[in-house]
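Written below as structure tokens is the structure these notes are about.
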Amino acid sequence: MQMDRKTQIIDYDGNIMEDLKEWMIRNKLANLGFNYNVIAILGSQSSGKSTLLNNLFKTSFDVMNTKLGHSQTTQGLWLSFDTFEDTSVTPSEQGSTTNRVNPTLILDVEGNDSKERGDNRLTFEHRSALFSLALADCVIVNLWYHSLGNFTASNYGLLKTVMEVNLELFQQDKNCPKTILLFTVRDWFEEFASIDIVKNKIEEEYLNKIWTEMKKPPDAEKVNINNYFIVEVVGLSHGIIKKEEFLKDVQNLRMKWINHLRPQHYSRNIPSDGFAHYCNNIWNTIVKQSQLDIPSQKEMLATFRCQEIKNSVISNTSKMIKEKLAASSTQHGNINIDEFKSWAEKDIVEKSLDEYFVDASRYTESICLKTSEELLESLFIQLQSIVDNNLNFTQRVLSAKFANELNTMYSVCTSDKNVFLFSKESNLQVRKDGKGGTSSPKEDKKDKMDKNNSQDKCIRLWSSFLFNADKLEYNTLYNFFEDYEKCNIEIKKRNKIHEFNYKPSLSILSTAICKDLNRIRNAQFTVLLDRTRATIK
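Sequence positions in the sequence shown follow full-length UniProt numbering and run 1 to 537.
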């Protein structure tokens, strides 16, 4: 739809529109990464800026109807784009190996020196220039050939603003991208002056003069203007008197942009999925008259987008985790430990990190990595619930097995009731008549030997039981930790192992083991105590 190929991003009153992100998504511009460019045009009102853009980039910006008189046509700032579907790049240019041309976003800026704005024009002109320079790889300065030498008509004041603003933006950034300043000299006749002479006039009488007179910070005093700008000058024939030559000049400029001028990637290093939010932050900072610190703005954008990407990944992954959690929560739905480990490593952690880094890796590295740790932590919290279910299942199985084996061991030990339970018939010698009768020395000796043998056998059986019970407890805990180790997952991108929390399940298992051991110990102690008391009586 042609109408949707352009959108107003700043209205006449200086308010930023909130639907830029949706517009970029609709036009498939939000997933370009760094593979796009931005170009803005500045110049006097009614100087033919929109007309130039429409011919140069196949856009449909509103243009002035000269039959109705000269007036303001473009109000605020408008954005459109060109995907160059009808044009291919020369493979040998810029080291390119493909014929694909990156899309260009085109920013049509309200003309300066507007009588409609009156005394308020300077504020808006400064803001729009600042905004354009913060965003654009290339700024087109549109001017008339016959105005060279004049102050206002030649955009001398605008150029001064552009250069001051550019220095303000990028002086603290050691790796600042150079801004392409493309002067389009309108109504140019080669018969009057060659383009080289025009370029020399612009550089010497405008750019260098302004740069020399500008108030600069101490560390920029001796810096050359070429450290900040790439200057290009193009002459365009008269659009009415020499219309065919004008269209040919525009087509040549189009090919020059595609094959020579445009950077291979967006020089401001803002991924297209964060462009709308970045525009919003930049404009709001300008309007608040705050110091526009580009590195800080990029960090703010990185924080916002990385959090947004992280939340999107978590949302996509949570559904899978919830399905597994539901399965592990059912009575017979325990997930095999080995199956969980493989699933968690590949389907959850690896896929989530891959999905996250596709977009987040384009932003500030430190913020990207920090947020990836937050992503992992969120995933681990959700996975912990499944691990808890698995370990609780493990502890229930081990608790039941421990109790059964312990009971079996105790049953074996107590199979000879007369020996193990210190029955009065064999373990404690008492008078049969209950009155303390005497027996012969030979009988006393035999009884004493039988008593000692029974007691020794009892002690051996009980000691063996306690030893085997300890061994059974050790093996049970060993089996628990063996299953627990299988739950821990490897994070290959970090070359480390994540260890889940096992303490709640272990605490339940340990309590069950102690309870079973104490039950038997207490039962045996009670029997022994009762027998002893009965014997004494």
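Where a beta carbon is used, it is the ideal one built from N, C-alpha and C, also for glycine.
| Query | Result |
| --- | --- |
| Does the beta-carbon of Glu18 have 16 or more other beta-carbons within 10 angstroms, so that it is buried, or is it exposed? | exposed |
| Excluding the five sequence neighbours on either side, which residues of its own chain have a C-beta within less than 6 angstroms of the C-beta of Thr526, listed in chain order? | none |
| Count Cβ pairs between the stretch 155 to 162 and the stretch 236 to 247 that sit closer than 8 angstroms; are there 3 or more? | no |
| Using alpha carbons as the reference points, say which of Val349, Ala129, Gln524 and Asp470 lies closest to Ser318. | Val349 |
| Quick check on Ser315: buried or exposed, where buried means 16 or more other Cβ atoms within 10 Å of its Cβ? | exposed |
| Does the beta-carbon distance from Leu383 to Ala326 come in below 7 angstroms? | no |
| Can you tell me whether Glu425 is buried or exposed, with buried defined as 16 or more other CB within 10 angstroms of its CB? | Note that Glu425 scores 42 on pLDDT, short of 50, meaning its location in the model is unreliable; the coordinates nonetheless yield the value given after this. Burial call: exposed. |
| Is Leu43 near Asn142, with beta carbons less than 7 angstroms apart? | First, the residue type needs correcting, since residue 43 is Gly and not Leu in the sequence shown. Yes, Cβ-Cβ distance for Gly43 and Asn142 is below 7 angstroms. |
| Could you have a look at Trp144 and say whether DSSP puts it in helix, strand or coil? | strand |
| Tell me where the alpha helix (DSSP H) around Phe57 begins and ends. | Lys49 to Phe57 |
| Restricting to runs no shorter than 3 residues, where is the beta strand (DSSP E) found entirely within the stretch 178 to 228? | 179 to 186 |
| Output the distance between the C-alpha atoms of Gly111 and Arg186, rounded to the nearest integer angstrom. | 15 angstroms |
| Would you call Gln264 buried or exposed, if buried means 16 or more other Cβ atoms sit within 10 Å of its Cβ? | exposed |
| Could you tell me which residues DSSP pairs with His498 in its beta bridges? | Ile489 |
| Could you check where the alpha helix (DSSP H) with Asp359 kicks off and where it finishes? | Lys351 to Ala360 |
| Should Leu169 and Glu232 be called a contact, given that it needs their Cβ atoms to be closer than 7 angstroms? | no |
| Taking Ala40 as part of the beta strand (DSSP E), name the residues at either end of that continuous run. | Asn37 to Gly43 |
| Provide the residue span of the beta strand (DSSP E) that contains Phe170, from first to last. | Careful: Phe170 lies outside any beta strand (DSSP E), inside the alpha helix (DSSP H) at Tyr156 to Phe170. |
| DSSP puts Val231 in a beta bridge; with which residues? | Leu181 |
| Take every Cβ of the stretch 512 to 527, pair it with every Cβ of the stretch 370 to 380, and state whether three or more of those distances are shorter than 8 angstroms. | no |
| Going straight from the alpha carbon of Val63 to that of Ile106, what length do you get? | 15 angstroms |
| Assuming Phe246 is part of the beta strand (DSSP E), what are its boundary residues? | Looking at the DSSP string, Phe246 is not in any beta strand (DSSP E); the run it does join, the alpha helix (DSSP H), is Lys243 to Lys256. |
| With Ile10 as the anchor, note down where its beta strand (DSSP E) starts and where it stops. | Lys6 to Ile10 |
| Report the CB separation of Phe61 from Lys6 in whole angstroms; it is logged as a contact under 8 angstroms. | 6 angstroms |
| Can you tell me whether DSSP reads Asn15 as helix, strand or coil? | coil |
| Pick out whichever of Ala134, Phe189, Leu148 and Asn175 has its Cα sitting closest to the Cα of Glu164. | Ala134 |
| Report back the beta-carbon spacing between Leu301 and His277 to the nearest angstrom; my notes put them in contact at under 8 angstroms. | 6 angstroms |
| What are the start and end residues of the alpha helix (DSSP H) that includes Phe275? | Phe275 to Val287 |
| Short check: CB of Thr51 to CB of Asp82, under 7 angstroms? | no |
| Go through its chain and collect everything with a Cβ distance to Glu473's Cβ below 8 angstroms, but skip five positions before and after it. | Phe402, Ile513 and Leu517 |
| To the nearest angstrom, how far is the alpha carbon of Phe12 from that of Asp108? | A small correction: the amino acid at residue 12 is Tyr; Phe does not occupy that position in the sequence shown. Taking the straight line joining both Cα atoms gives about 13 angstroms. |
| Phe229 and Thr179 - do their beta-carbons sit closer together than 7 angstroms? | yes |
| Can you tell me which of Arg494, His498 and Asn208 puts its alpha carbon nearest to the alpha carbon of Val387? | His498 |
| Compare the Cα-Cα distances from Lys298 to each of Met255, Tyr356 and Arg362 and report the closest residue. | Arg362 |
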